[in-house]
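Chemist: Okay, here's the structure, questions in a sec.
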Amino acid sequence: FVYGCLRLFYGSKYAAGLLRPAVTALQSRSLAAYLHQDPSHRERGPTKESDAILKYLVTKYDIPEHWYPRQPERRARVDEYTAFHHSYTRPHAAAVFILEVLLPAQTGAPVDEERLNHALVRLDDTLDKLESMFLRRQPFLCGDDITVADLLAVCELMQPMGGDRDVLKLRPLLQHWRSRVQSAVGEAFDNTHRVLYNVRERRRAKL
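Start counting the sequence shown at 1; every next residue gets the next number (full-length UniProt numbering).
Printed below as a string of structure tokens:
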């Protein structure tokens with residue numbers, strides 16, 4: 001792997017520092033060559049949506065096939081998760097981060113505990129679905145190999161860490177999955193989430 005920064009959210013409404021998926025895990029030599037050819041990352045792809053960007057990169061460049069399988073049944077499984085992602089994992093994990101970290105930091109107001117508790121209930125239901133519908137007894141969400149689905153999911157579920165909240169703390173099945181994803185992508189995992197770790201440490205220092 002060769003590491004670099006790819007501005008997934010360039011020109012979009014999302015804050016790249018907070019919501020950037022771990023695209024660095026995709027960086028085989030072919031993608032690194034692309035980054036070298038376009039060091040300012042000004043090439044405009046056909047979309048600004050994170051999962052579509054990841055699929056576009058895997059399809060356009062010579063990236064290991066397991067990230068977004070060509071075999072129709074395996075690819076359909078990844079597509080099934082990414083459809084689920086936008087209605088469940090992303091909004092429910094982000095809501096916890098926004099209510100516990102972002103809004104208090106921006107407004108100076110205390111955490112709205114009632115709204116946060118509602119958000120945690122919704123996220124807990126989503127985690128149930130991740131375990132029963134996707135992970136089950138397999139190593140990764142969509143089978144035996146890591147895919148873009150795992151990158152999207154793990155980055156959303158890491159967001160509450162910014163508030164020093166590990167939402168997988170009482171879920172060993174998902175904890176082991178997260179560890180496998182971390183091992184699979186190596187140092188890109190912590191590099192990608194460095195902003196969240198820094199937010200967490202700043203919050204701890206204020207306690």
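We put the CB at the ideal spot given by N, CA and C, even for glycine.
Report yes or no: do the region 162-178 and the region 192-207 share at least 3 C-beta pairs separated by less than 8 angstroms?
Modeler: With a cut-off of 8 angstroms, the region 192-207 and the region 162-178 count as touching, because enough Cβ pairs lie within range.
Chemist: Which ranges would you report for the alpha helix (DSSP H) in the UniProt domain "GST C-terminal" (71-207) if only whole runs of at least 4 residues count?
Modeler: Qualifying alpha helix (DSSP H) stretches, in chain order: 72-87, 89-97, 103-107, 113-129, 148-158, 172-185, 187-192, 194-206.
Chemist: At which residues does the alpha helix (DSSP H) containing I53 begin and terminate?
Modeler: The count along the sequence shown starts at 1 and reaches residue 53 at position 53. Looking at the DSSP string, the run of the alpha helix (DSSP H) that includes I53 is 50-60.
Chemist: Can you tell which of A119, D150, V121 has the C-alpha that lies nearest to the C-alpha of F134?
Modeler: Translated into positions along the sequence shown, residue 134 becomes position 134. Measuring from the Cα of F134, the nearest candidate turns out to be D150.
Chemist: What does the alpha-carbon distance come out to for the pair L116 and R178?
Modeler: Locating residue 116 in the sequence shown gives position 116, where the first residue counts as 1. Locating residue 178 in the sequence shown gives position 178, where the first residue counts as 1. Rounded to the nearest angstrom, the two C-alpha atoms are 24 angstroms apart.
Chemist: With a threshold of 7 angstroms on Cβ separation, who are the neighbours of L196 within its own chain once the five nearest residues in sequence on each side are excluded?
Modeler: Within the sequence shown, numbered from 1, the residue matching residue 196 stands at position 196. Closer than 7 angstroms at the Cβ level, and outside the excluded window around L196, lie M158, Q159, M161, G162.
Chemist: Pairs of beta-carbons, one from the region 79-99 and one from the region 119-128, closer than 8 angstroms: are there three or more?
Modeler: Contact holds: three or more Cβ-Cβ distances are below 8 angstroms.
Chemist: Taking just the CA atoms, how far does D144 sit from P64?
Modeler: In the sequence shown, residue 64 corresponds to position 64, counting from 1. In the sequence shown, residue 144 corresponds to position 144, counting from 1. The alpha-carbon atoms of P64 and D144 are separated by roughly 14 angstroms.
Chemist: Checking 8 angstroms against the spacing of the C-beta atoms, do C142 and T192 come in under that value?
Modeler: The count along the sequence shown starts at 1 and reaches residue 142 at position 142. The count along the sequence shown starts at 1 and reaches residue 192 at position 192. It is not a contact, given that the beta carbons lie outside the stated cut-off.
Chemist: Can you give me the C-alpha to C-alpha distance between Q182 and F189, rounded to a whole angstrom?
Modeler: Reading the sequence shown from its first residue, position 182 is the one you call residue 182. Reading the sequence shown from its first residue, position 189 is the one you call residue 189. In a straight line, the C-alpha of Q182 is about 6 angstroms away from that of F189.
Chemist: Could you tell me if H85 is buried or exposed, where buried requires 16 or more neighbouring beta carbons within 10 angstroms of its beta carbon?
Modeler: In the sequence shown, the residue the question calls residue 85 occupies position 85. H85 comes out buried.
Chemist: Measure the CB-CB distance between V199 and W67 and report whether it falls below 8 angstroms.
Modeler: Numbered from its first residue, the sequence shown carries residue 199 at position 199. Numbered from its first residue, the sequence shown carries residue 67 at position 67. No, they are not a contact pair.
Chemist: How about R75: is its C-beta nearer than 8 angstroms to some C-beta of chain C?
Modeler: Among the chains in the structure shown there is no chain C, since it carries only a single protein chain.
Chemist: With burial defined as no fewer than 16 other Cβ atoms inside 10 Å of the residue's Cβ, what is the status of D51: buried or exposed?
Modeler: For the purposes of this step, residue 51 is taken as the residue at position 51 of the sequence shown. Flag for D51 reads buried.
Chemist: Exposed or buried, what is V185 when buried is set at 16 or more other beta-carbons lying within 10 Å of its beta-carbon?
Modeler: Translated into the one-based positions of the sequence shown, residue 185 becomes position 185. Under this definition V185 is a buried residue.
Chemist: How many Å lie between S30 and P104 at the Cα?
Modeler: Counting from 1 along the sequence shown, the entry for residue 30 is found at position 30. Counting from 1 along the sequence shown, the entry for residue 104 is found at position 104. In this predicted model, S30 has a pLDDT of only 33, less than 50, meaning its place in the structure is not dependable enough to derive any value.
Chemist: Thinking C-beta only, is L99 closer than 8 angstroms to D112?
Modeler: Here residue 112 is taken as the residue at index 112 of the sequence shown, counted from 1. Here residue 99 is taken as the residue at index 99 of the sequence shown, counted from 1. Going by C-beta atoms, D112 is nearer than 8 angstroms to L99.
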